[in-house]
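Protein chains in written order, with the numbering used here: chain A, 137 to 333; chain B, 112 to 351; chain C, -10 to 481.
Virtual Cβ for every residue (Gly too), placed ideally from N, Cα, C.
Just so it is clear, the structure is predicted and the values come from calculations on it, not from any experiment.
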Amino acid sequence: MSARDEILGRVRSALTQADRSPVAVPTTHRGRVHEGDLVELFVERVEDYRATVTRCADSEVAGTVSRLLPEGTSVVLAPGFEWSVPGAAVDSGLTAVQLDSVGAVVTGATVGIAETGTLVLTHGPGEGRRLLSLVPDVHVCVVRASQVVADVPAAIGVLDPRRPQTWISGPSATSDIELDRVEGVHGPRTLHVVIVD
Amino acid sequence: MKVALMVTCLNDAMFPSAGQATVTLLRRLGVDVEFPEQQTCCGQPFVNTGYLDEAVPVVRTFVEAFEGYDAIVTPSGSCAGSARHQHGIVARRSGDAALADGVRRVSPKVVELTEFLVDTLGVTDVGATFPHRVAYHPTCHSLRMLGVGDRPTRLLQAVHGLELVDLPDAESCCGFGGTFAVKNADTSVAMGADKARHVVDSGAEVLVAGDSSCLMHIGGLLTRQRAGVRVMHLAEVLAS
Amino acid sequence: MTGTFVGMPAFPTAARAALADSQLRSNLAHATSTIRARRLAVVGELDGWEELRLAGAAIKDNTLLHLDEHLLALEASLTARGAVVHWARDADEACRIVAGIAKDHGADEVVKVKSMATQEIGLNEALAAEGIAAWETDLAELIVQLGDDLPSHILVPAIHRNRAEIRQIFLDKMAAVGRPAPADLTDEPARLAEAARLHLREKFLRARVAVSGANFAVAETGSLVVVESEGNGRMCLTLPDVLVSVVGIEKVVPTWADLDVFLQLLPRSSTGERMNPYTSIWSGVTPGDGPQEVHVVLLDHGRTRALADEVGRQALRCIRCSACLNVCPVYERTGGHAYGSVYPGPIGAILNPLLRGVGTDDQVDSLPYASSLCGACFEACPVRIDIPAVLVDLRAQVVDAHRGGVPRPEAAVMRSASWVLGTARRLGAAERASGLVGRVAGRLARRSSSSGRPLMSRLPGPGAGWSDARDLPAPPAESFRAWWKRTEGGHR
């Protein structure tokens, strides 16, 4: 018998005596009402992770991004990124090794989650392949205020599970040494978030 | 209301003053409490050690002893928890439908002393006077299995002259755990030693709890260390 | 190479050794109290935590009760998304599958995302036997691997190590397996993390095969989810060409929408954060992005045995957050090694016996007893596993497995205690006897409590386990029932 059939058989025989009537699942966690301004909450929660947050108008994105990066930093843009950034090159399929010597990457995002201070990238146009926002040590992520949703259930509701996703909540971190939080291990050690109002 | 005292085997054999105090207290509050003499033990030591067959005759005796009472009051969070949450397991194991029916009738009537005082009788000031500095240890089963909440501390706060001091890390287990105390004696003692240190640090003269078993363990460590802090059952404080 | 738990002594013996290690006790007390405070803060700020727990438990229960259907749905959606699905009955079969994939690609090394399932099956050791090096890339796993050590916590496997010990391990061991630690390495956590970054980066950049587990597998969409902090997971899940994920069959959740419960429960319970730094979600192969060959190994290895256990089945809800470890007063004092398994703490005390069965191994049989049944674990568990109830049920299974044959001393004691407590008459007689003992002991006692009660400081036989560190009051001359009878209920 194949392993598949044997495991499925074991599952079925394990449950022959079980009461298989459905258990009611509470759904009160969906559609919770959030008081106050969601974007302000998002800012506060992102900053809690020691990421920087800058708010600007649509016309100010290029200047804002440039100011966040030290002069002379080599910068790569995700293909399809809505704004132009002076001096930045659009990713043309760089390898991980090539990206390792790039200073910073600028991408968009699909969703911002206010309650948890999370950015979700789904790696379509403007967000780049997964390795793009991973290998360089600085990640500038630009998100529109209108993309900010209240909480995790709201985000799950709008995200497309067929897309690869990276949920980012602050810079890379570890608590593996005495449970002291340290920012910066393998992912970008610096995360700048730009919110376009 | 027909009220029975379930004294518990430990209080019966080792700490009769906790049972006597419960009787004094309940009578003072106008309750005509009876002691069904057929009672022995709730069976928890057997169930918690894995001896379900051995628990069956004990639970049977329990049901026979307490059948017909409106409330079965016990000065023990742990034994109340056992009666309410474990007797069904034992009855199922016995395969005896009559015992299962008996358990269904009797075990919901079991109440821990502070539940009975606060919920059934509706009192928090029981008219006690105890002019001492007291720390209260919320025992795990009263806290987490029964959910007695702040009933014990509300009762203690109403005792005249009593000063209730904070016990650091109060809700962490003292390490008694029934047969755990001997099967895993080293771990049990390590937990108890931390509890005893917190008791001493609290500056209390008396450590109070609602379970004689935990007090026997913590008290045994305190006297061994000659810490000078007394342990007393909550019922004894409330009856004074 | 990481050590092995094979041959570990039963819990009481292992615990005794751990309790004597004051460095370990202080590392653990510091770490668990830090994480407990953090968890309480982020759980407290979320409205409706209890409803979330109930939802998490209910979703998992519904899934487990129809696990066959959900596994088939998962297989179908994974396959449709270009992933190759394998089934493994046990550890050996799973290890053979992973090794086979690595060998097909001529790989002599793999990079690994932290994964409990691969630890449970001993994958690293199995790959090593095939000449394939498995590099752990999670910082704590790296510390354990470099130190030839054993994991002692689900989330933070090196929780038993402090910063000074970690520095020494890095200085001593990194050079032999790759980029050495900087010579001027200090024990500052930021510097230690930097050393790990440098050491592992070359491995990430050259690796062609990665191995991961998954926190969740969504049947409806074929999505796998890995929750992490450092970015090592993203590196492994993104850079190599080939990805193999070993996933316990209980990790399946039916729908995409179900994740909105678990992605709230897990980070808050686990690291005590509103959200962990990185969560990666992928559904099979995405052309042009990430690994182009994706394998999923669905692992049984005892899970169907646990599924058949009416009371213990709920342990399969576990999302490996380690909240139960962090609140456990036993774990806090003994640490994880005493449990002799990659799953330590309260969840380990039930999961190991459930996965492996009781009655054949004294070490496994000792685990259900490694608890005072205080209930702190149940209170903290985000999927409401009633760990104390499962422990009590497993204790009965252990006792039952040893019934028949010559009774062990404990069983003989329990049997006679049951006889004595079977009737009030026998108990009364026993109390009169103990009252006599009490009178004698009282006369012999050299000490008494401050309330004047004589104390026994040395008990014979099994009682010595009590009296080594604790006094016991001498039995009273008169039991409660004797008093009641003599005084007619206190009226005389």
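Using beta carbons (cut-off 8 Å, strictly below), is residue i in contact with chain C?
i	result
Ile331/A	no
Asp297/B	yes
Arg244/B	no
Ser237/A	no
Pro206/A	no
Arg186/A	no
Leu77/A	Not covered by the structure: residue 77/A. The range shown for chain A is 137 to 333.
Phe291/B	yes
Leu332/B	yes
Does any C-beta atom of chain F lie closer than 8 Å to the C-beta of residue i?
i	result
Phe241/B	The chain labelled as chain F is not found among the protein chains of the depicted structure, namely A, B and C.
Taking residue i as part of the beta strand (DSSP E), name the residues at either end of that continuous run.
i	result
Gln301/A	Gln301 to Ile304
Val215/C	Ser212 to Glu217
His328/A	Thr326 to Val332
Trp271/C	Tyr267 to Ser272
Ala227/C	A small fix is needed here, since residue 227/C is Thr in this sequence, not Ala. Looking at the DSSP string, Thr227/C is not in any beta strand (DSSP E); the run it does join, the alpha helix (DSSP H), is Asn221 to Thr227.
Val233/C	Val231 to Gly237
Thr190/A	Thr188 to Cys192
Ala309/A	Ala309 to Ile313
His19/C	Premise fails: His19/C lies in the alpha helix (DSSP H), Ser11 to Gly33, not in any beta strand (DSSP E).
Glu282/C	Glu282 to Leu288
Ser201/C	Val198 to Ser201
Tyr205/C	Residue 205/C is actually Phe in this sequence, not Tyr. That run of the beta strand (DSSP E) goes Phe205 to Val207.
For the alpha helix (DSSP H) containing residue i, list its first residue and its last residue.
i	result
Asp316/A	Counting along the chain, Asp316/A falls outside any alpha helix (DSSP H), though it belongs to the beta strand (DSSP E) covering Asp316 to Glu319.
Glu154/C	Arg152 to Val166
Thr334/B	Ser323 to Arg335
Glu262/B	What sits at residue 262/B in the sequence shown is Arg, not Glu. Arg262/B -> alpha helix (DSSP H) spans Arg262 to Gln268.
Glu176/A	Leu174 to Asp184
Thr298/B	Ala296 to Ser313
His188/C	Pro178 to Arg195
Anything in chain C within Cβ reach of residue i, meaning under 7 Å, just list it in chain order.
i	result
Ser305/A	Met264, Asn265 and Pro266
Leu315/A	Ala20, Thr23, Ile24 and Val145
His328/B	Arg459
Determine, for residue i, whether the minimum Cβ-Cβ distance to residues of chain B falls below 8 Å.
i	result
Asp298/C	no
Thr293/C	no
Thr23/C	no
Tyr482/C	Since the first residue of chain C shown is -10 and the last is 481, residue 482/C is not available in this structure.
Arg428/C	no
Cys370/C	no
Between residue i and residue j, how many whole angstroms is the CB-CB distance? I'm expecting something under 8 Å.
i	j	result
Ile121/C	Ala88/C	6 Å
Val207/C	Ser104/C	Actually they are not in contact, since the Cβ atoms of Val207/C and Ser104/C sit about 18 Å apart, beyond 8 Å.
Phe177/B	Pro147/B	6 Å
Leu278/B	Ala246/B	4 Å
Val372/C	Cys317/C	With 8 Å as the limit, Val372/C and Cys317/C do not qualify as a contact, their Cβ atoms being about 16 Å apart.
Leu416/C	Leu410/C	6 Å
Glu321/C	Leu17/C	6 Å
Val279/A	Gly248/A	5 Å
Ile143/C	Leu314/C	6 Å
Looking at chain A, is there any beta carbon in it that lies within less than 8 Å of the beta carbon of residue i?
i	result
Ile48/C	yes
Met(-10)/C	Note that Met(-10)/C scores 42 on pLDDT, short of 50, meaning its location in the model is unreliable; the coordinates nonetheless yield the value given after this. For Met(-10)/C, the answer is no, since every Cβ of chain A falls outside 8 Å of its Cβ.
Pro178/C	yes
His391/C	no
Val207/C	yes
Glu40/C	yes
Gly37/C	yes
Can you pull the chain C residues whose beta carbon is under 8 Å from the beta carbon of residue i, in chain order?
i	result
Arg166/A	Asp249
Going along chain A in order, which residues have a C-beta closer than 7 Å to the C-beta of residue i?
i	result
Ala129/C	Asp312
For residue i, go through chain B and note every residue whose CB falls closer than 7 Å to its CB, in chain order.
i	result
Pro276/C	The premise fails here: Pro276/C is roughly 52 Å from chain B at the closest Cβ pair, so nothing lies under 7 Å.
Along chain B, which residues have their Cβ under 9 Å away from the Cβ of residue i?
i	result
Pro1/C	Lys294, Asn295, Ala296, Asp297 and Thr298
What residues of chain B sit near residue i, judged by a beta carbon separation below 8 Å?
i	result
Arg384/C	Asn159, Thr160 and Gly161
ask   = What runs of the alpha helix (DSSP H), each 4 residues or longer, lie entirely inside the segment 37 to 71 of chain C?
value = Counting only runs of 4 or more residues that sit fully inside the segment 37 to 71 of chain C, the alpha helix (DSSP H) segments are 38 to 54 and 56 to 69, in chain order.
task = Any chance you could list the beta strand (DSSP E) runs of at least 3 consecutive residues sitting entirely within the segment 175 to 242 of chain B, in chain order?
result = Taking only runs of at least 3 residues, the beta strand (DSSP E) segments lying wholly in the segment 175 to 242 of chain B are 182 to 185 and 221 to 223.
query = Can you list the beta strand (DSSP E) stretches of 3 or more residues lying completely in the segment 413 to 475 of chain C, in chain order?
reply = As far as the segment 413 to 475 of chain C is concerned, its whole beta strand (DSSP E) runs of at least 3 residues are 443 to 445.
query = Hey, which unbroken runs of the beta strand (DSSP E) at 3 residues or more fall wholly within the segment 98 to 154 of chain C?
reply = Complete beta strand (DSSP E) runs here, min 3: 98 to 101 and 122 to 125.
key: In chain order, each alpha helix (DSSP H) run of at least 4 residues that lies wholly inside the segment 238 to 287 of chain A   = For the segment 238 to 287 of chain A, not a single whole alpha helix (DSSP H) run of length 4 or above is found.
query = What are the start and end residues of each continuous alpha helix (DSSP H) run of 4 or more residues lying completely inside the segment 339 to 375 of chain C, in chain order?
reply = Runs found: 351 to 355 and 365 to 369.
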